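Per the numbering used here, the very first residue in the sequence shown carries number 26; after that it's consecutive.
Everything on this sheet refers to the single structure shown next.
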Amino acid sequence: MRLPVGGASDAGGADMQGREFAWTDADFDRVQALIYQRAGISLHDGKHAMVYSRLSRRLRDTGYQSFKDYLGWLETHDGPEWQEFVNALTTNLTSFFREQHHFEIFASHLKSRPAGTAWRVWCNAASTGEEPYSIIMTALEALGPQANLTLTASDIDSKVLASAAQGVYRLEGLKGVNEERIQRFFLRGKGGNAGMARVKPELQRMIEFISVNLIRDDWPFRQPFDVVFCRNVMIYFDAPTQRKVLERIHRVMAPGGLLFVGHAENFSESRDLFVLKGKTVYERR
């Protein structure tokens, strides 16, 4: 998934001396406002050093000599640099079969309907692909090779989606994937690609990778989803943004559909939309 930068609290702008670019509390405030406006992310105070480090790279790449000028350009223009700005303030934290109980519940749910049932699934924080490929592996194990399931995998970051679509991983990164699954679903690299593994084409063909910004109104979906994975995303939105996104997710789901969320996420205030069915699993009303 894509997460805003985090970690231990950093010193404020006043304490950051001797840096390549001037950096002030006012600059940080502008960054907070811009990332909230563009991605709905509430970047909390105390992250000056991390934000400075990430955005300094953008200044070097774009040729700007100050944050004032760079941020001023963003505030008055629209273009590809906005995507780079958002990418710089997010990072990957993902693995195969993370929160294993979700995949066990998902498999049982798939088996609960008649064979041949068509399934539409959305993973809306796809990151570099570990989660959507885990979903597809689970579906193939539960339904067999003729599984009638399509998965839409989205993220706000187009770069990680490109990586996900390639489906290439280091073998040591396949923690959570047992040897039986590696043999069934991956192709091991040889020669110069030794130590790497590629997801088999039949898995890739079941996934559509698209860029979706959860806080924008232009979601491209026309048919409802039976299952949605929205894990460890909402905790980085404030309460009004959470509600807004949940309402939209509700609108693109079929009644009775399952919503899987992160272990730190609780939507008890949205009981009019979803009812808790298990540990971090909700059912769409």
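Think of the CB as a built atom: it goes at the ideal place given N, C-alpha and C, for glycine as much as any other residue.
Because the structure is a prediction, the values reported are computed rather than measured.
Collapsed DSSP secondary structure at residue i in the structure displayed
i, result
"residue 246", "coil"
"residue 48", "coil"
"residue 105", "helix"
"residue 229", "helix"
"residue 94", "helix"
"residue 142", "coil"
"residue 302", "strand"
"residue 53", "helix"
"residue 137", "coil"
"residue 236", "strand"
Burial state of residue i (16 or more Cβ within 10 Å)
i, result
"residue 287", "buried"
"residue 173", "exposed"
"residue 142", "exposed"
Nearest-angstrom Cβ-Cβ length linking residue i and residue j, presumed shorter than 8 Å
i, j, result
"residue 232", "residue 176", "5 Å"
"residue 159", "residue 110", "30 Å between Cβ atoms; not a contact."
"residue 151", "residue 179", "6 Å"
"residue 270", "residue 239", "5 Å"
"residue 59", "residue 96", "7 Å"
8 Å Cβ cutoff, residue i in contact with chain B
i, result
"residue 182", "Chain labels in this structure do not include chain B; a single protein chain is all it has."
Continuous beta strand (DSSP E) stretch holding residue i: start and end
i, result
"residue 308", "306-309"
"residue 212", "211-213"
"residue 280", "278-286"
"residue 179", "174-180"
"residue 224", "221-224"
"residue 193", "193-195"
Alpha helix (DSSP H) segment containing residue i, residue limits
i, result
"residue 74", "73-87"
"residue 261", "Where residue 261 is concerned, there is no enclosing alpha helix (DSSP H), given that its DSSP letter is neither H nor E."
"residue 163", "155-168"
Any non-hydrogen atom of the ligand HEM closer than 7 Å to residue i Cβ
i, result
"residue 85", "As far as ligands go, the structure on display features none, and thus does not contain the ligand HEM."
Bridge partner(s) assigned by DSSP for residue i
i, result
"residue 252", "146, 283"
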